[in-house]
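Residue 1292 is where the sequence shown starts when you use my numbering, and the numbers rise one by one after that. By construction, the Cβ of each residue, glycine as well, lies at the ideal position given by its N, Cα and C atoms. These figures come from a predicted structure and were not determined experimentally.
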Amino acid sequence: MEFRAEIKRTLTGPDKLRAVCSVILDDCFLVKNVRVVEGEKGMFVSLPSRRNVKGEWTEQCFPMTKELREKLSAVVLAEYDRALAEDGGGTPAA
1292 MEFRAEIKRT LTGPDKLRAV CSVILDDCFL VKNVRVVEGE KGMFVSLPSR
1342 RNVKGEWTEQ CFPMTKELRE KLSAVVLAEY DRALAEDGGG TPAA
């Protein structure tokens, strides 16, 4: 499965959200509102989620294997770093 990420915007400031992007899977399936977030252990990719009736956030779509999640994250974070290099600012993922 091939992934391509398109960073829609990068963000700076006190909030932990660093970028919003779309991910295209095999040039056939689009996932919007994928986020790059700065966490306590570094940058991570957050897939679209919503709050359930218990008030907990749950992902609406997600990779079924650890390897697929790692590949997806690597593609998104690499594209985020590329977008930062073009913009000349922000916090790099690596």
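| query | result |
| --- | --- |
| V1366 - containing alpha helix (DSSP H), residue span | K1357 to D1378 |
| Same chain only: Cβ atoms within 6 Å of R1295, ignoring 5 sequence neighbours per side | I1315 |
| Alpha-carbon to alpha-carbon, G1346 and L1368 | 28 Å |
| Closest Cα partner of D1372 within the set S1337, V1327 and G1304 | V1327 |
| Where L1338 sits in the DSSP three-state scheme | coil |
| Top-ranked residue by Cα proximity to R1360, from G1333, C1319, N1343 and S1337 | S1337 |
| Local conformation of N1324 per DSSP, three classes | strand |
| Euclidean distance between Cα positions of D1306 and M1292 | 33 Å |
| Residue burial classification, T1356 (beta-carbon count within 10 angstroms, cutoff 16) | exposed |
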